[in-house]
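Undergrad: My structure is below; once you've seen it, I'll send some questions.
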Amino acid sequence: MKSRHLPISAQLQDYLIEQGVREDDLLRRLRAETLAMRFGHMQVSPEQGQFLAFLIKLLGVTTVLEIGVFTGYSSLCMARALDDEGSLLGLDNQKRFTDIAEQYWAEAGVEEKIELRLCDALAELDRLQKKGATFDMIFLDADKERYPAYYDACLEVLNPGGLLVIDNVLWYGHVANATTTEPITQAVQQLNQTIVSDSRVEMVMLPFADGMTLVRKP
Numbered sequence: 324m325k326s327r328h329l330p331i332s333a334q335l336q337d338y339l340i341e342q343g344v345r346e347d348d349l350l351r352r353l354r355a356e357t358l359a360m361r362f363g364h365m366q367v368s369p370e371q372g373q374f375l376a377f378l379i380k381l382l383g384v385t386t387v388l389e390i391g392v393f394t395g396y397s398s399l400c401m402a403r404a405l406d407d408e409g410s411l412l413g414l415d416n417q418k419r420f421t422d423i424a425e426q427y428w429a430e431a432g433v434e435e436k437i438e439l440r441l442c443d444a445l446a447e448l449d450r451l452q453k454k455g456a457t458f459d460m461i462f463l464d465a466d467k468e469r470y471p472a473y474y475d476a477c478l479e480v481l482n483p484g485g486l487l488v489i490d491n492v493l494w495y496g497h498v499a500n501a502t503t504t505e506p507i508t509q510a511v512q513q514l515n516q517t518i519v520s521d522s523r524v525e526m527v528m529l530p531f532a533d534g535m536t537l538v539r540k541p
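In this text, residue positions in the sequence shown follow the numbering used here: the first is 324, and each later residue adds one.
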């Protein structure tokens, strides 16, 4: 028996944002500026940003690693949710996007909580592991072709009891195509199969926005 899910129309999506998301003017301005850009569709949705912040408060997270900062909407949501002693390390390689992020972090007064490193994220994850750095929560939203490699690397720097949150696990619905030969879709499919088969972790895939998977490291 197949489970039933409510289709999300444009009208219902608008209602969800209006009645289910507390998005202030700063976040709205950042979202609007990003959506006007060529790659604006890469931005997390407002409900995803609020969900990430909710998880941080719910779990008492103090250290966050974000892989794929883009223009900083998710970083801003998470940094605001951290207490005064909390910190977020963001990894990205596109300064033209992170320059926008830093402007909004400063306006929000959370820039002291955030460290941005422009780098190759996989190489930086290897360096972090060798240094013994660990994090309470990791948000992965970077280049999808390397998702399988990111997954293993993230588990190495995730604290016991920590949470890994992965975006775009449904990849616009393309992952349901079992015969696809498109490389990005195949990489996301490989990741999803790895996670559901990984007895080391607890996991749940959530079908909202473009899909998010939560992975808990016991």
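C-beta: ideal position from N, C-alpha, C; glycine also.
Which value, in whole angstroms, describes the spacing of the CA atoms of Phe-393 and Leu-329?
TA: Numbered from its first residue, the sequence shown carries residue 393 at position 70. Numbered from its first residue, the sequence shown carries residue 329 at position 6. Rounded to the nearest angstrom, the two C-alpha atoms are 30 Å apart.
Undergrad: Among all the DSSP beta bridges, which residues are the ones paired with Phe-462?
TA: As a first step, residue 462 is located in the sequence shown; it is residue number 139 there, counting from the start. Note: Phe-462 sits in a beta bridge opposite Glu-389, Val-488.
Undergrad: Quick check on the burial criterion: 16 or more other C-beta atoms within 10 angstroms. Buried or exposed for Gln-371?
TA: For the purposes of this step, residue 371 is taken as the residue at position 48 of the sequence shown. Buried, by the Cβ-count rule.
Undergrad: Strictly by DSSP, which residues pair up with Asp-415?
TA: Within the sequence shown, the letter at position 92 stands for residue 415. According to DSSP, which records beta bridges pairwise, Asp-415 is partnered with Leu-441.
Undergrad: Three Cβ pairs or more, each shorter than 8 Å: is that satisfied between the region 334-348 and the region 503-517?
TA: no
Undergrad: Pick helix, strand or coil for Pro-483, following the three-state DSSP scheme.
TA: For the purposes of this step, residue 483 is identified with residue 160 of the sequence shown, where counting begins at 1. Looking at Pro-483 - three-state DSSP - the assignment turns out to be strand.
Undergrad: Is Met-401 helix, strand or coil by DSSP?
TA: Counted from its first residue, the sequence shown places residue 401 at position 78. It is helical.
Undergrad: Under 8 Å, with one C-beta from each stretch per pair, do the region 412-424 and the region 471-483 reach the 3-pair mark?
TA: Touching, no.
Undergrad: Please work out which residues of its chain come closer than 8 Å, Cβ to Cβ, to Thr-503, disregarding the five sequence neighbours upstream and downstream, and give them in chain order.
TA: Numbered from 1 along the sequence shown, position 180 holds the residue referred to as residue 503. His-497, Gln-509, Gln-512.
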